[in-house]
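Colleague: Residue numbers (this note's numbering), protein chains in the order written: chain A, 297 to 657; chain B, 864 to 1441. All residues carry an ideal CB built from backbone N, CA and C; glycine is no exception.
1. In angstroms with no decimal places, state the Cα-to-Cα distance between residue 589(A) and residue 625(A).
2. Please classify residue 1006(B): is it buried, with 16 or more other beta-carbons within 10 angstroms of its beta-carbon, or exposed?
3. Quick check on residue 1365(B) - is its C-beta less than 9 Å from some C-beta in chain A?
4. Hey, residue 547(A) and residue 482(A): beta-carbon distance below 9 Å or not?
5. Taking 8 Å as the cut-off, does the segment 1060-1070 of chain B touch the segment 909-926 of chain B (at least 3 CB pairs, one atom from each stretch)?
6. Could you please give the first and the last residue of the uninterrupted beta strand (DSSP E) stretch that includes residue 1079(B)?
7. Quick one: which chain A residues come within Cβ less than 8 Å of residue 1194(B)?
8. Decide if residue 441(A) is buried, meaning its Cβ has at least 16 other Cβ atoms within 10 Å, or exposed.
9. DSSP three-state label for residue 1386(B), please.
10. I need the DSSP call for residue 504(A), collapsed to helix, strand or coil.
11. Residues bridged to residue 604(A) by DSSP?
12. Using the Cα positions of residue 1411(B) and residue 1052(B), report the straight-line distance between them to the nearest angstrom.
13. In this structure, does DSSP put residue 652(A) in helix, strand or coil?
14. Are residue 929(B) and residue 1074(B) close, meaning C-beta to C-beta below 9 Å?
15. Using a Cβ cut-off of 9 Å (strictly closer), state whether residue 544(A) contacts chain B.
16. Cβ closer than 7 Å: which chain B residues qualify as neighbours of residue 309(A)?
17. Can you pull the chain B neighbours of residue 352(A), defined as C-beta to C-beta under 9 Å?
18. Using a Cβ cut-off of 7 Å, which residues of the segment 1319-1350 of chain B contact any Cβ in chain A, in chain order?
19. Taking 9 Å as the CB-CB limit, is residue 301(A) close to chain B?
20. Just list the beta strand (DSSP E) runs in the segment 537-573 of chain A, keeping only unbroken ones of 3 residues or longer that don't cross its boundaries, in chain order.
21. At 3 residues or longer, and completely inside the segment 1019-1064 of chain B: list those beta strand (DSSP E) runs for me, N to C.
22. What span of residues does the alpha helix (DSSP H) with residue 920(B) cover, start to end?
23. For residue 984(B), which residues from the same chain have a beta carbon less than 7 Å from its beta carbon, with the 5 sequence-adjacent residues on both sides left out?
24. Check residue 957(B) in the structure and name its three-state DSSP category.
25. For residue 321(A) and chain B, any beta-carbon pair shorter than 9 Å?
26. Tell me residue 1237(B)'s beta-bridge partners as DSSP assigns them.
27. Under the three-state reduction of DSSP, which class applies to residue 638(A): helix, strand or coil?
28. Please say whether residue 969(B) and residue 1178(B) have beta carbons closer to each other than 9 Å?
29. Check each candidate in 355(A), 436(A) and 608(A) and name the one with the smallest Cα separation from residue 337(A).
30. Hey, is residue 1370(B)'s beta-carbon within less than 9 Å of any beta-carbon in chain A?
31. Determine the chain B residues that contact residue 357(A) at a beta-carbon separation under 8 Å, and present them in chain order.
32. If the cut is a Cβ gap below 9 Å, which residues of chain A does residue 1378(B) touch?
33. Between the segment 986-1004 of chain B and the segment 1025-1040 of chain B, do at least 3 Cβ pairs fall closer than 8 Å?
34. Output yes if chain A places a C-beta closer than 9 Å to the C-beta of residue 1374(B); else output no.
35. Go through its chain and collect everything with a Cβ distance to residue 465(A)'s Cβ below 7 Å, but skip five positions before and after it.
36. Under a three-way DSSP split, which group does residue 1101(B) fall into?
And the structure:
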């Protein structure tokens, strides 16, 4: 894997070098990363690239990005060679040593990094860069088999033994192995809800693994859920707020990936995920306290209906979004507390899990 | 009872002389405060001197002196090399209000009404009690006549205190000295500014100016040619109002309405005259003096109904694009200049012509509002800017398209000077003060067209400048980032030093080859050889403290007042109003 990444980097650099020697303008090509350039592949269950590429030719106006891309690739090569890693933020600070070619803001260096990732057709972790984001928390009937950092011996981590705490997903999840007898994975949007379920050891009652995504799931979290569910053939139930952000950003990204990272969705999607709640139907049925939809919510709804290939492929989702648009309200997970703090554990989840017809694909 | 009262009142009712009226309403003439009074007096004298010289086809050479006598009193001296004034006319021109040659004709000139210089004399007399001193000579070998004059403000008649023949070393010309109470200031509405702008707009004039600090400033002429002599035209029927029409008919020497119309108006031939008469249902053979008020009204309506071709427009004498731009070059050191002279146009039967000159960039501030110079018949307008149709036209023009910023309803922001000149046989001022031009749609439309035409020229320059700026930035990118491309390749591929140098060299050639030659648009302050630094500095300082001069009143009825300087060429058809 590491060898392949280094070879790709060298090949790209050689192409450029040879063109310069032949007095031709060098170019860099990468797939366009946006929702416009993805299709929803129903068979595989994720967004895949359409194949549109952008080619950047070295000119006076692109010379800066060109220089930064090459220097970032050089950094990546060093990282792979030394088996080291750098967070996105660290890479940004490394660039401060590049004189005029330094980045002034981290989003700039992130973009170049994403471009390289797409250009080489590998994911960021393979070229030595990792996210700074929190990977997610795990609790429940699961044993994670990791390696002891000094001895290299297998290390068994029992996720039932963290008490009121939890196991934290590392940035590189590829080497992990699992042992479990759980029946399903419950992926939860908010840490607050995760804490409540953990405290009452919901995972014991329901024989499941609970994972807190903390908002839009990080790549590590998505990959963790993917390889765990693949390895143990576990269904994945998703529990988000009942709002456009929960549906279109959190759930959609977990299930089929995102437009921006379409080149790696293949590895990071969880096609077997299903949304358990909170659905627009739940809001009515459980008479949940609501807030009015904000302008950004409405914009997100309309945008999803109009532009999101995943939504366009699923009639049930279109119906649900239109319903929410008509209701003009949203409800949070915590709104269930209206019926008592433990209503979610004693009533809502058991009822929902029994009746999968109320779910959304 | 009522009858008694009426009789009692009748004893108090009497004529009010024009002079008395103006004595009490001096603000109407531009003497509303001390600072403005001083400027107005100088302006009247200068405008009259220039009109006289030009009418006699003499290249004007003026001396203007303002002497500080202490105690807020100033002596104003204005001397010209004009044709002089015949002896008999001197007292009336300088010491009788509303006496002049310019009111009753249609010709592009600075003065229009016949009030200005005698009003200055009156104001001097009022504030200092001193008589005006005038000396004038009409040619070599003739005697010069010297007068000391005051005005009888009740009868509006000259009072001659002294009348004698004197030797004067000048071949010809007129010199006037008036003592008045006034205030001397610097800045945008100062005498300095007024004379400077006069020099800009009259490049054929030489002015020697001695200011109250006894510093001499010379504005030398920039062109050696007289401007084209404007022609006098007869009124066009479309511009005539009822009262004027009636007066013209009462005074005409023609015996029939037909002949009157054909001979007293421009663009009226036999056919047109007949049509007017038909529309008015008045026989063409009617005696003009016999036509009643009602019939006159019918005539006016008939004129409106009749199609009459526009008046001749060759009677206007514009400054010309080249001279206008040259004038601006003296005043502003900029990177780019352009000027536009529109074709003459017509409002209400009066021909007029608009000219615009722009100066952009250079030493002008990019953060301030553009500087606006307004001129009418070669006279600078310093007051009531926002009431003027020139201001309105500038504000309504979309300067953003030309590379400047502008908020709505305001002057554009940027390093720009805008100069607008309107020449006409009758400039429609908003009041006697002659400070702001009235908002005739035809005039505003023409000014805007001229501004747009000049704006498009400016736009070409600002766009080019922006392109060059972007280009320079891109070129600096090449220098900056090529080494990093090379470093990146070196680190990945392990290139040798000479290979790295080769990459840099090749890349530089490659990129620079695509870019081509670049125009040098850097501002070079020494490039503008016409720029006159000393002159530009005049009237600039203290701009702020000066501004609050009250604008409520207007000013000077200047020019026409009597044309002081004789226009002897035509035998001076000086007539008396009323």
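Modeller: Let me spell this out:
1. 5 Å
2. exposed
3. yes
4. no
5. yes
6. First-last of the beta strand (DSSP E) with residue 1079(B): 1079-1082.
7. Against chain A, a Cβ distance below 8 Å from residue 1194(B) picks out nothing, because the smallest value is about 40 Å.
8. exposed
9. coil
10. Judged by DSSP in its simplified three-state form, residue 504(A) adopts strand.
11. None; residue 604(A) has no bridge partner.
12. Model confidence at residue 1411(B) stands at a pLDDT of 41, short of 50, so the residue's coordinates are unreliable; what they give is reported in the following sentence. If I take the Cα positions, the gap works out to 10 Å.
13. helix
14. Contact: yes.
15. no
16. 1352, 1355 and 1356
17. Within chain B, no residue has its CB atom less than 9 Å from the CB of residue 352(A), the nearest being about 12 Å off.
18. 1337, 1338, 1340, 1341, 1343, 1344, 1345, 1347, 1348 and 1350
19. Chain B contact via Cβ: absent.
20. If we require 3 residues or more, the beta strand (DSSP E) runs fully inside the segment 537-573 of chain A come out as 569-573.
21. Correct list: 1020-1029 and 1036-1044.
22. Segment: none, residue 920(B) is in no alpha helix (DSSP H) and carries neither H nor E.
23. Closer than 7 Å at the Cβ level, and outside the excluded window around residue 984(B), lie 957, 958, 995, 1012, 1014 and 1041.
24. helix
25. yes
26. 1244(B) and 1283(B)
27. coil
28. yes
29. The shortest C-alpha separation from residue 337(A) is found at 608(A).
30. yes
31. 1337 and 1340
32. 356
33. Contact holds: three or more Cβ-Cβ distances are below 8 Å.
34. Yes, contact with chain A.
35. 431, 432, 434, 516, 517 and 520
36. helix
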